[in-house]
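Asks:
Protein chains: 2
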Amino acid sequence: MNINIYFAGSIRGGQGSKSDYQWLIQALKQFGTVLTEHIADDHLLKNEQLLTDAQIHDRDFAWLKESQLVVAEITQPSLGVGYELAQAMFLKKPVLCLFNTTKGNRPSAMIAGQPYYQLIGYQEVTSTLKLIEEYINRTFDEQT
Amino acid sequence: MNINIYFAGSIRGGQGSKSDYQWLIQALKQFGTVLTEHIADDHLLKNEQLLTDAQIHDRDFAWLKESQLVVAEITQPSLGVGYELAQAMFLKKPVLCLFNTTKGNRPSAMIAGQPYYQLIGYQEVTSTLKLIEEYINRTFDEQT
Numbered sequence: 681m682n683i684n685i686y687f688a689g690s691i692r693g694g695q696g697s698k699s700d701y702q703w704l705i706q707a708l709k710q711f712g713t714v715l716t717e718h719i720a721d722d723h724l725l726k727n728e729q730l731l732t733d734a735q736i737h738d739r740d741f742a743w744l745k746e747s748q749l750v751v752a753e754i755t756q757p758s759l760g761v762g763y764e765l766a767q768a769m770f771l772k773k774p775v776l777c778l779f780n781t782t783k784g785n786r787p788s789a790m791i792a793g794q795p796y797y798q799l800i801g802y803q804e805v806t807s808t809l810k811l812i813e814e815y816i817n818r819t820f821d822e823q824t
Numbered sequence: 681m682n683i684n685i686y687f688a689g690s691i692r693g694g695q696g697s698k699s700d701y702q703w704l705i706q707a708l709k710q711f712g713t714v715l716t717e718h719i720a721d722d723h724l725l726k727n728e729q730l731l732t733d734a735q736i737h738d739r740d741f742a743w744l745k746e747s748q749l750v751v752a753e754i755t756q757p758s759l760g761v762g763y764e765l766a767q768a769m770f771l772k773k774p775v776l777c778l779f780n781t782t783k784g785n786r787p788s789a790m791i792a793g794q795p796y797y798q799l800i801g802y803q804e805v806t807s808t809l810k811l812i813e814e815y816i817n818r819t820f821d822e823q824t
């Protein structure tokens with residue numbers, strides 16, 4: 681299997697979950713290409729200063745359209761991730777949302793109450809691998 | 681003028697901007713009906729525990745559809761507000777985004793880089809009244 685995966689995580693909203701993003705991006709790579717691998721980059725905010733907001737928006741939206749699957753880590757509240765989740769639904773992409781149940785509030789009711797999204801809560805990010813694999817197999821109806 | 685206004689602000693994402701939300705909701709009332717007035721309610725999180733996430737989503741989405749104008753305070757990162765901003769664009773509602781330039785990072789590039797949205801930065805929330813009034817007059821082509 682080699683699908684294009686759009687990984688969504690908070691950038692300017694705060695990077696308190698970055699180590700989980702790094703783990704998830706590495707884990708997702710076994711199923712395909714992670715178009716937004718830069719989200720876990722330690723120099724992300726600095727590198728993105730070279731781009732205008734419109735350039736970042738247009739690049740990320742082009743990647744979203746190219747993807748076959750969206751995986752969002754939604755523990756850290758983020759305006760951009762919320763926007764991307766709605767856009768992904770409009771583009772009819774399968775969307776898997778992961779959140780750490782030991783940190784912060786429950787995810788927004790606008791996401792948790794929207795049946796289009798598949799939500800999975802976790803305590804340890806490493807426990808999500810099996811669930812991600814099952815979700816991908818179910819969604820793409822293939823055995824990896 | 682009496683328009684239906686959908687005010688969007690962070691709830692579970694953190695309520696650090698609540699006093700600004702309260703001020704903005706009162707200010708917006710002179711232009712019409714604020715459908716989401718409860719966002720500045722001190723008992724909001726407690727009251728919403730009586731509803732399921734799906735009930736909150738469906739109620740808020742119905743209000744969004746009923747509105748003629750969306751005003752979002754986007755200083756506090758919020759998954760729900762990002763989702764609502766994308767939905768508002770799909771519903772072709774005029775959208776005004778306000779943010780406090782003295783707090784936190786710049787708003788997400790997904791919002792600041794999307795030309796559909798009108799963004800206004802402020803240092804003191806009270807300074808936004810004249811700008812909101814001008815935006816509403818321009819958008820609805822009326823003198824209040």
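Protein chains in written order, with the working numbering: chain P, 681 to 824; chain H, 681 to 824. All C-beta atoms, glycine included, are put in the ideal place defined by N, C-alpha and C. Bear in mind the structure is a predicted one, so any value in this text is a computation, not a measurement.
(1) For GLY784 of chain H, does the three-state DSSP call read helix, strand or coil?
(2) Quick check: LEU731 of chain H and GLN767 of chain H, are their CB atoms within less than 7 angstroms of each other?
(3) Please name the residues in the stretch 719-748 of chain P whose beta-carbon is closer than 9 angstroms to at least one beta-carbon of chain H, in chain order.
(4) Whether or not the stretch 744-758 of chain P and the stretch 693-700 of chain P are in contact is what I'm after, with contact meaning three or more pairs of Cβ atoms, one per stretch, closer than 8 angstroms; do they touch?
(5) For chain H, check one thing: does any of its Cβ atoms lie closer than 7 angstroms to the Cβ of PRO774 of chain P?
(6) For my contact list, MET790 of chain H and GLU764 of chain P are in at a C-beta cut-off of 8 angstroms; report their separation, rounded to the angstrom.
(7) Please say whether LEU708 of chain P and ILE685 of chain P have beta carbons closer to each other than 7 angstroms?
(8) Given this structure, state the Cα-to-Cα distance separating ALA829 of chain P from SER807 of chain P, to the nearest angstrom.
(9) Using the rule of at least 16 other Cβ atoms within 10 Å of the residue's Cβ for burial, across every protein chain shown, is HIS723 of chain H buried or exposed?
(10) From P:ASP740, P:GLN748 and P:ARG739, pick the residue whose C-alpha is nearest to that of PHE820 of chain P; which is it?
(11) Just verifying my parser: in three-state terms, what is the DSSP assignment at GLU804 of chain P?
(12) Would DSSP call ILE683 of chain H helix, strand or coil?
(13) Find out if the Cβ-Cβ distance for the pair LEU771 of chain H, GLN798 of chain H is shorter than 7 angstroms.
(14) Tell me the DSSP secondary structure of GLY712 of chain H in three-state form.
(15) Taking only beta-carbon atoms, is THR824 of chain P less than 7 angstroms away from chain H?
(16) Can you list, in chain order, the residues of its chain whose CB lies under 7 angstroms from that of THR781 of chain P, leaving out five sequence neighbours each side?
(17) Start and end of the alpha helix (DSSP H) containing LEU730 of chain P?
(18) Helix, strand or coil for GLN798 of chain H? Go by DSSP, reduced to three states.
(19) What number of angstroms, rounded off, separates the C-alpha of ALA670 of chain H from the C-alpha of GLN735 of chain P?
(20) Does the Cβ of LEU725 of chain H have 16 or more other Cβ atoms within 10 Å, making it buried, or fewer, making it exposed?
(21) Would you list the residues sitting across from ALA792 of chain P in a DSSP beta bridge?
(22) In terms of DSSP beta bridges, what is LEU759 of chain H paired with?
(23) Work out the CA separation of ARG786 of chain H and GLN695 of chain H for me, nearest whole Å.
(24) Using 7 angstroms as the threshold, is the C-beta distance between PHE687 of chain P and THR716 of chain P below it?
(25) What are the boundary residues of the beta strand (DSSP E) that includes GLU717 of chain P?
(26) Could you check if ARG818 of chain H is buried or exposed, using at least 16 other CB atoms within 10 Å of its CB as the buried criterion?
(27) Just the Cα atoms here: how many angstroms apart are VAL714 of chain H and ARG739 of chain H?
Replies: From the atom records:
(1) coil
(2) no
(3) LEU725, GLU728, LEU731, THR732, ASP733, ALA734, GLN735, ILE736, HIS737, ASP738, ASP740 and PHE741
(4) yes
(5) no
(6) Confirmed, about 6 angstroms.
(7) Taking 7 angstroms as the Cβ cut-off, ILE685 of chain P and LEU708 of chain P qualify as a contacting pair.
(8) This structure does not reach residue 829 of chain P, given that chain P is present from 681 up to 824, and the question cannot be answered.
(9) exposed
(10) P:GLN748
(11) coil
(12) strand
(13) no
(14) strand
(15) Reliability of the predicted coordinates at THR824 of chain P is poor, the pLDDT of 47 falling under 50, and no value is obtained from them.
(16) Only GLY801, TYR802 and GLN803 meet the Cβ criterion.
(17) It is not in any alpha helix (DSSP H) - LEU730 of chain P carries neither H nor E in the DSSP assignment.
(18) strand
(19) Here chain H comprises residues numbered 681 to 824, so residue 670 of chain H is not present and cannot be evaluated.
(20) It is exposed - the Cβ of LEU725 of chain H has fewer than 16 other Cβ atoms within 10 Å.
(21) Answer by DSSP bridge pairing: none, since ALA792 of chain P is not bridged.
(22) Per DSSP, none; premise fails for LEU759 of chain H.
(23) 18 angstroms
(24) Cβ atoms of PHE687 of chain P and THR716 of chain P: closer than 7 angstroms.
(25) Looking at the DSSP string, GLU717 of chain P is not in any beta strand (DSSP E), and its letter there is neither H nor E.
(26) exposed
(27) 14 angstroms
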